[in-house]
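Add 37 to the 1-based position in the sequence shown for my numbering, that's all there is to it.
Even glycine gets a Cβ: it sits at the ideal position worked out from N, Cα and C.
These numbers were taken from a predicted model, which means no experiment stands behind them.
Read through the structure below, which is laid out as structure tokens, and then see the notes.
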Amino acid sequence: MNRTDRTIISNKLSAVSIRDFLLVTTVWKRSSFRIAARELGISPSGLSHQVRKVEEALGTTLFERSSQQVKATLEGEVLLSHIQDVLGVVGKLDLLAVKTSRHFGGHLKLGAISTIGAYVLPHVVNLFEANFPDVRIDLLEGKTEGVTQRLRGSEIDMMLSCRFADDADLETKPLFTECFDLIVNVAHPLAANTSINVQDLDASEFMTMADGEGYSEDTLPAAIHTTQHDYNACCTEIRGLSLETIGALVSTRGGASLVPSLASPRLSTFPNVKIVSISGRAPQRTIYASWRRSSPHQEAFHQLCHVLSEMQAVCDLPIAGASSL
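Okay, here's the thing in structure tokens:
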């Protein structure tokens, strides 16, 4: 915009408001000051005064006035058409302002890693819809690295994972912890138990979840740690598999694995498997929420984290570190 344009806008249109534009377009549409005034809730004389103010600002006569009707002049038709376009843009800005004033701008794209998705997301969505009913939520599921990359690339707004995102550009908050149960093939020696102590876990044919996908390493029994590094043993590391796949592997090839407690009811329906609860300091995982520090919705993200932390109680999850005797 050059200086001449700024001078014209400043000198000629500074006295005209959006409301004034609305008044003149209403007169145009109704072809009557009386009808337009009644619709707008002002007096006909007051409306006529406002219309003349707009005409003076624009430097042209918008209407031909007679006792029978009010008709736009040729110049007025052109200007009124542009004024209507301006009001249309203002209307869109108004809607946009309302939208951006809502939590997450009215739309949240949420990603979760595959070992969380099927079992945690339904509870997340229920809590989200109850607390943010005016916000649309889109869901994405994938491996840890892929979901993290999508978050950094602004393809999603928030990520749920089992790994603390050590990234200066990301804000990460712990939501809740979830203990693990043992899933065993019915032919496994441990299948005879309904509950076992964590120190009694047998590393034989034990499948462990890779770092970032599952439990905290410091809660694993020492025997399993040792077996993970014995390449002649039968311990298999699981990387990037869904919990459904883990259940299918135990069902078909035998052995045992650890699965999050929220997944246990579903996985217990697989053939040839049994879920065994773990007493003592059971293996556990922490569910984290991460989002970009550059997002303009920081307050909303913290509110959502507070809501999602209620999952510990909503899902009746054991408190981390508590002994189950």
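Item	Value
Given a threshold of 16 other Cβ atoms within 10 Å of its Cβ, counted over all protein chains shown, does Gly-154 qualify as buried or as exposed?	buried
Taking DSSP as the reference, what is the three-state secondary structure of Lys-146?	strand
Assuming Val-184 contacts Leu-177 under a Cβ cut-off of 8 Å, what Cβ separation, rounded to an integer in Å, is found between them?	7 Å
So, do the segment 182-198 and the segment 216-226 have three or more beta carbon pairs nearer to each other than 8 Å?	no
So who's on the other strand from Gly-179, going by DSSP bridges?	Ile-150
Between the segment 146-164 and the segment 109-118, do three or more beta carbon pairs fall short of 8 Å?	no
Ordered along the chain, which non-local residues of its own chain (more than five positions away) have a Cβ less than 8 Å from that of Ala-285?	Phe-307
Would you mind sorting Gly-148 into buried or exposed? The rule is 16 or more other CB atoms within 10 Å of its CB.	buried
Put Ser-253 into one of helix, strand or coil per three-state DSSP.	Residue placement at Ser-253 is flagged as unreliable, the pLDDT there being 44, under the threshold of 50; the coordinate-derived value follows with that caveat. The answer is coil: DSSP assigns Ser-253 none of H, G, I, E or B.
With 16 other CB atoms within 10 Å as the buried threshold, where does Thr-289 fall?	exposed
Measuring only the C-alpha atoms, how far is Arg-329 from Asp-203?	12 Å
Within the continuous beta strand (DSSP E) that includes Leu-219, where are the two ends?	207-222
Check the C-beta distance from His-375 over to Arg-173 and give it rounded, since I have them as a contact under 8 Å.	Shown here, the chain extends from 38 to 362; a query on residue 375 therefore has no answer.
Would you list, in sequence order, the uninterrupted alpha helix (DSSP H) runs of no fewer than 4 residues that lie entirely inside the segment 56-137?	70-77, 81-95, 111-137
Figure out for me which residue from Arg-303, Ala-73, Pro-297, Gln-340 has the closest Cα to the Cα of Pro-320.	Pro-297
By how many angstroms is the C-alpha of Ile-55 removed from the C-alpha of Lys-66?	17 Å
Could you give the residue range of the alpha helix (DSSP H) that holds Thr-289?	280-290
Between Ser-80, Asn-230, Phe-70, which lies nearest to Glu-311 when the distance is taken from Cα to Cα?	Here residue 311 turns out to be Lys, not Glu, going by the sequence shown. When only C-alpha atoms are compared, the closest one is Asn-230.
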